[in-house]
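Engineer: Just dropping this structure here.
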Amino acid sequence: MPYGPPYKNPALRFPQGNIPTGKTAWRSPSNIALIKYWGKKPVQIPRNPSISFTLQNAYSETEVSYLPARGGRLEIEFYFEGERNPKFEEKTAKFFESVADIFPFVDQLKFVIRSRNTFPHSAGIASSASGMSVLALVLCDLEWMHFGTLQNRDDFLRKVSYVARLGSGSASRSVYGGVVVWGESKEIPGSSDLYGFPVNGEIHDIFKTYKDTILLVDDGEKKVSSRAGHSLMESNPFAGERFRQAHRNLAALLKAMRSGDTETFIRITESEALTLHAMMMTSLPYYLLMKPNTLQIIEKIIAYRKKTGLPVSFTLDAGPNVHMLYPSALKEKVRQFIQNELISFLNPPGFIEDEVGKGPEKIL
Ligand code: PMV
Numbered sequence: 002m003p004y005g006p007p008y009k010n011p012a013l014r015f016p017q018g019n020i021p022t023g024k025t026a027w028r029s030p031s032n033i034a035l036i037k038y039w040g041k042k043p044v045q046i047p048r049n050p051s052i053s054f055t056l057q058n059a060y061s062e063t064e065v066s067y068l069p070a071r072g073g074r075l076e077i078e079f080y081f082e083g084e085r086n087p088k089f090e091e092k093t094a095k096f097f098e099s100v101a102d103i104f105p106f107v108d109q110l111k112f113v114i115r116s117r118n119t120f121p122h123s124a125g126i127a128s129s130a131s132g133m134s135v136l137a138l139v140l141c142d143l144e145w146m147h148f149g150t151l152q153n154r155d156d157f158l159r160k161v162s163y164v165a166r167l168g169s170g171s172a173s174r175s176v177y178g179g180v181v182v183w184g185e186s187k188e189i190p191g192s193s194d195l196y197g198f199p200v201n202g203e204i205h206d207i208f209k210t211y212k213d214t215i216l217l218v219d220d221g222e223k224k225v226s227s228r229a230g231h232s233l234m235e236s237n238p239f240a241g242e243r244f245r246q247a248h249r250n251l252a253a254l255l256k257a258m259r260s261g262d263t264e265t266f267i268r269i270t271e272s273e274a275l276t277l278h279a280m281m282m283t284s285l286p287y288y289l290l291m292k293p294n295t296l297q298i299i300e301k302i303i304a305y306r307k308k309t310g311l312p313v314s315f316t317l318d319a320g321p322n323v324h325m326l327y328p329s330a331l332k333e334k335v336r337q338f339i340q341n342e343l344i345s346f347l348n349p350p351g352f353i354e355d356e357v358g359k360g361p362e363k364i365l
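For the sequence shown, the working numbering begins at 2 and goes up steadily by one.
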């Protein structure tokens, strides 16, 4: 069977009277983009390619029990951190319905989902990346277990990434460990707008064990969702140049990551972070997600780098928290730096120490 995008497969239905009962569980990480995805066209096609570090410690862990649905229609019960969560229930139902032509068996099942995150939900860490990729893993796992398709690991992960993308663009990159590109780039044969593509073979060792300490500045709800932010790019007057810049930055960043050039890595990734927020500030309506302490921390990091000559840098996601990036050899020095100079700008629990991770894992 030819098996590739768009993965529509009407054969994936259980015979009546033979609908299975079972359980599976997966852990899937979040990721931090170095070249940012900001702007998309239907359906979940990025306006520019992006690249990220998959994280290790910030992940969602999700156990899914399934049984025959009673009324012949999709049923979902979602427990988040032990409590029934109607918002996640609705979000998951919408997502499952949206992929019903890829997994025609979804409306034959009732799903009882128990999920938790290892990071505070409000920490502004991309929970949609871990949360959506874990659901895509579960759906492909059901297909693998019950229909005998996706037996090849590469085929399996590619479909997971394709499906995760439909839930949240950045989730497509969480499906692989290490350094992952999503979005077609002339520089990277194999890259695609439809799924993530790992580029670990080409990356210098220094970046394979890079650290990301997430400095928690504010735990408030985001004022503007990523979905709204992406759509505001359609009328942003700087959008066209931004998309071209992302292509150039990706090519230059990959070159730096192949050769271990931390100076270029810092220049491009910091510029990407500020450009992402500049796009928010130049959208209409305009908005700000950085807080005063975000700027304080950024200035401290730049001053520390100048003073010590150490390759410590920052990036930002769509929120006020600062991701501090550095080679693993600097771990102790950076801990000291946080204690001495940053701690007073942080909100409890302060910070989360993370690093480049290995990717998802089946835990049941
Ligand atoms: O995956 P979404 O739709 O939540 O968008 C995420 C966009 C950023 O996190 C800001 C950047 C990125 O590439 O992850």
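All C-beta atoms in this analysis are idealised placements derived from N, C-alpha and C, irrespective of residue type, glycine included.
Does the beta-carbon distance from Ser192 to Val182 come in below 8 Å?
Structural biologist: Here residue 192 is taken as the residue at index 191 of the sequence shown, counted from 1. Here residue 182 is taken as the residue at index 181 of the sequence shown, counted from 1. Taking 8 Å as the Cβ cut-off, Ser192 and Val182 qualify as a contacting pair.
Engineer: Whether or not the region 299 to 312 and the region 17 to 26 are in contact is what I'm after, with contact meaning three or more pairs of Cβ atoms, one per stretch, closer than 8 Å; do they touch?
Structural biologist: Cβ pair count under 8 Å is below three, so no.
Engineer: When you compare only the Cα positions, how much space is there between Gly23 and Leu68?
Structural biologist: On the sequence shown, residue 23 is found 22 positions in, with the first residue counted as 1. On the sequence shown, residue 68 is found 67 positions in, with the first residue counted as 1. So the alpha carbons of these two residues sit roughly 7 Å apart.
Engineer: Comparing alpha-carbon positions, which option in Lys212, Thr93, Glu91 lies nearest Phe312?
Structural biologist: For the purposes of this step, residue 312 is taken as the residue at position 311 of the sequence shown. First, the residue type needs correcting, since residue 312 is Pro and not Phe in the sequence shown. Pro312 has its Cα closest to that of Lys212, out of Lys212, Thr93, Glu91.
Engineer: Based on DSSP bridge pairs, tell me the residues matched to Asn32.
Structural biologist: Taking the first residue of the sequence shown as position 1, residue 32 is located at position 31. Its beta-bridge partners are Thr55.
Engineer: Report the start-end ranges of each alpha helix (DSSP H) in the region 90 to 115 that is 4 residues or longer and not cut off at the edges.
Structural biologist: You should have found no qualifying run.
Engineer: Please say whether Gly358 and Pro105 have beta carbons closer to each other than 8 Å?
Structural biologist: Indexing the sequence shown from 1 puts residue 105 at position 104. Indexing the sequence shown from 1 puts residue 358 at position 357. In this structure, Gly358 does not lie closer than 8 Å to Pro105 by Cβ.
Engineer: Count the C-beta pairs between the region 65 to 81 and the region 94 to 110 that are closer than 8 Å, then say yes if the count reaches three, no if not.
Structural biologist: The region 65 to 81, when compared against the region 94 to 110, does touch it at the 8 Å Cβ threshold.
Engineer: Just to check, is the beta-carbon of Leu13 closer than 7 Å to a non-hydrogen atom of the ligand PMV?
Structural biologist: Within the sequence shown, residue 13 is the residue found at index 12, counting from 1. Not so, every heavy atom of the ligand PMV lies at least 7 Å from the Cβ.
Engineer: Short of 6 Å in beta carbon distance, which residues of its chain neighbour Thr214, apart from the five on each side in sequence? Order them along the chain.
Structural biologist: Translated into the one-based positions of the sequence shown, residue 214 becomes position 213. The residues are Met325, Phe352, Glu354.
Engineer: Based on the DSSP output, what are the partners of Pro199 in its beta bridges?
Structural biologist: Here the question's residue 199 lines up with position 198 in the sequence shown. Pro199 is bridged to Val181.
Engineer: For a quick check, are the C-beta atoms of Glu185 and Pro50 less than 8 Å apart?
Structural biologist: Residue mapping note: residue 185 aligns to position 184 of the sequence shown, counting from 1. Residue mapping note: residue 50 aligns to position 49 of the sequence shown, counting from 1. Taking 8 Å as the Cβ cut-off, Glu185 and Pro50 qualify as a contacting pair.
Engineer: From Pro6 to Thr119, what does the alpha carbon distance come to, in whole angstroms?
Structural biologist: The residue given as residue 6 occupies position 5 in the sequence shown. The residue given as residue 119 occupies position 118 in the sequence shown. Approximately 32 Å between the Cα atoms of the pair.
Engineer: Going by the CB atoms, is the gap between Ala94 and Ile77 shorter than 8 Å?
Structural biologist: Position 76 of the sequence shown, counted from the start, is the residue given in the question as residue 77. Position 93 of the sequence shown, counted from the start, is the residue given in the question as residue 94. It is a contact, given that the beta carbons lie within the stated cut-off.
Engineer: Quick check on this structure: which residue in Ile33, Asn250, Ala137 has the alpha carbon closest to the alpha carbon of Ile103?
Structural biologist: As a first step, residue 103 must be located in the sequence shown, where it is residue number 102. For the residues Ile33, Asn250, Ala137, the minimum Cα distance to Ile103 belongs to Ala137.
Engineer: Quick one: grab the DSSP three-state call for Ala26.
Structural biologist: Against the sequence shown, residue 26 aligns to sequence position 25. Of the three classes helix, strand and coil, the one that applies to Ala26 here is strand, per DSSP.
Engineer: In whole angstroms, give me the CA-to-CA distance for Pro190 and Asn250.
Structural biologist: Here residue 190 refers to the residue found at position 189 when the sequence shown is read from its first residue. Here residue 250 refers to the residue found at position 249 when the sequence shown is read from its first residue. Approximately 17 Å between the Cα atoms of the pair.
Engineer: Between which two residues does the beta strand (DSSP E) containing Thr214 stretch?
Structural biologist: Within the sequence shown, residue 214 is the residue found at index 213, counting from 1. From DSSP, the beta strand (DSSP E) with Thr214 extends over 212 to 216.
Engineer: Using CA atoms only, rank isn't needed, just tell me which of Arg117, Arg268, Ile126, Leu331 is closest to Leu366.
Structural biologist: Nothing about residue 366 can be read from this structure; the chain reaches only from 2 to 365.
Engineer: To the nearest angstrom, report how far apart Pro43 and Val164 are at their CA atoms.
Structural biologist: Taking the sequence shown and counting its residues from 1, the one referred to as residue 43 is at position 42. Taking the sequence shown and counting its residues from 1, the one referred to as residue 164 is at position 163. Straight-line Cα distance between these residues: approximately 14 Å.
Engineer: Tyr305 and Glu342 look like a contact to me (Cβ under 8 Å); what is the Cβ gap, rounded to whole Å?
Structural biologist: Working through the sequence shown from its first residue, we reach residue 305 at position 304. Working through the sequence shown from its first residue, we reach residue 342 at position 341. Indeed they touch by this definition, with Cβ atoms about 7 Å apart.
Engineer: Evaluate the contact criterion for the region 45 to 64 versus the region 239 to 259: three or more CB pairs, one atom per stretch, below 8 Å.
Structural biologist: Segments in contact, yes.
Engineer: I need the straight-line Cα distance from Gln337 to Met291, nearest angstrom please.
Structural biologist: Here residue 337 refers to the residue found at position 336 of the sequence shown. Here residue 291 refers to the residue found at position 290 of the sequence shown. Distance between the alpha carbons of Gln337 and Met291: 25 Å.
Engineer: May I ask which residues mark the beginning and end of the alpha helix (DSSP H) holding Phe148?
Structural biologist: Against the sequence shown, residue 148 aligns to sequence position 147. Its alpha helix (DSSP H) spans residues 128 to 148.
Engineer: Indicate the three-state DSSP secondary structure (helix, strand or coil) for Ile353 in the structure shown.
Structural biologist: For the purposes of this step, residue 353 is identified with residue 352 of the sequence shown, where counting begins at 1. Residue state, collapsed to three classes: strand.
Engineer: From Gly197, Ser171, Leu75, Trp27, pick the residue whose C-alpha is nearest to that of Ser116; which is it?
Structural biologist: Within the sequence shown, numbered from 1, the residue matching residue 116 stands at position 115. When each option's Cα is compared against that of Ser116, the closest is Trp27.
Engineer: Cβ of Ala34 within 8 Å of Cβ of Ser134?
Structural biologist: If you number the sequence shown from 1, residue 34 lands on position 33. If you number the sequence shown from 1, residue 134 lands on position 133. No, these two residues do not count as a Cβ contact at 8 Å.
Engineer: Looking only at its own chain, which residues have a Cβ that is under 6 Å from the Cβ of Phe208, when we skip the five neighbours before and after it?
Structural biologist: In the sequence shown, counting from the first residue as 1, residue 208 sits at position 207. Hits under 6 Å: Met258.
Engineer: Near Ser366, which residues of its chain fall below 7 Å by C-beta distance, leaving aside the five closest residues on each side in sequence?
Structural biologist: The structure shown has nothing for residue 366, since the chain only spans 2 to 365.
Engineer: Kindly provide the ranges of any beta strand (DSSP E) runs that are 3 or more residues long and lie completely inside the region 287 to 320, ordered along the chain.
Structural biologist: Runs found: 314 to 317.
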